Amino acid sequence: CRNPDGDRIGPWCYTTDPERRYESCNTPQCKDEVCITCNGEDYRGQVDHTVTGKECQRWDQQYPHQHIYQPEKYP
């Protein structure tokens, strides 16, 4: 999960579900080791499922959802 567009809700990801393009993620708050601050633009943790449990599409993949974000920038 990342926040490449600075969404005010916080980190999100494209899902592996062809019917659901993207969803928000349940990233930990800053009492934990890797966390989000503000809107989560700098979050680089390991959360890889959405708030509803859908698996995130990898940022270096273009399937099932094509996108403009560069994986080098959002590892």
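With UniProt numbering, letter number 44 in the sequence shown gets 44, and the count goes up by one each step, no holes.
Every residue, glycine too, gets a C-beta built ideally from N, C-alpha and C.
These figures come from a predicted structure and were not determined experimentally.
With DSSP collapsed to three states, give me the class of residue i.
i	result
residue 72	coil
residue 63	coil
residue 55	strand
residue 2	strand
residue 19	coil
Leaving out the 5 sequence neighbours to the left and right, which residues in its chain are closer than 6 angstroms to residue i when beta-carbon positions are compared?
i	result
residue 26	51
Which same chain residues, not among the five before or five after residue i, have their C-beta less than 7 angstroms away from its C-beta?
i	result
residue 18	64
residue 59	2, 69, 71 and 74
Residue i to residue j, Cα distance in whole Å?
i	j	result
residue 3	residue 61	16 angstroms
residue 53	residue 46	14 angstroms
residue 55	residue 48	6 angstroms
residue 41	residue 67	17 angstroms
Start and end of the beta strand (DSSP E) containing residue i?
i	result
residue 43	Here residue 43 belongs to no beta strand (DSSP E), and DSSP marks it neither H nor E.
residue 25	Taken as a continuous stretch (DSSP letters only), residue 25 belongs to no beta strand (DSSP E), as it is neither H nor E.
Within the same chain, show all residues whose beta-carbon is closer than 8 angstroms to that of residue i, passing over the 5 residues directly before and after it, in chain order.
i	result
residue 12	1, 2, 3, 22, 23, 24, 25 and 50
residue 57	13, 14, 15, 16, 63, 64 and 65
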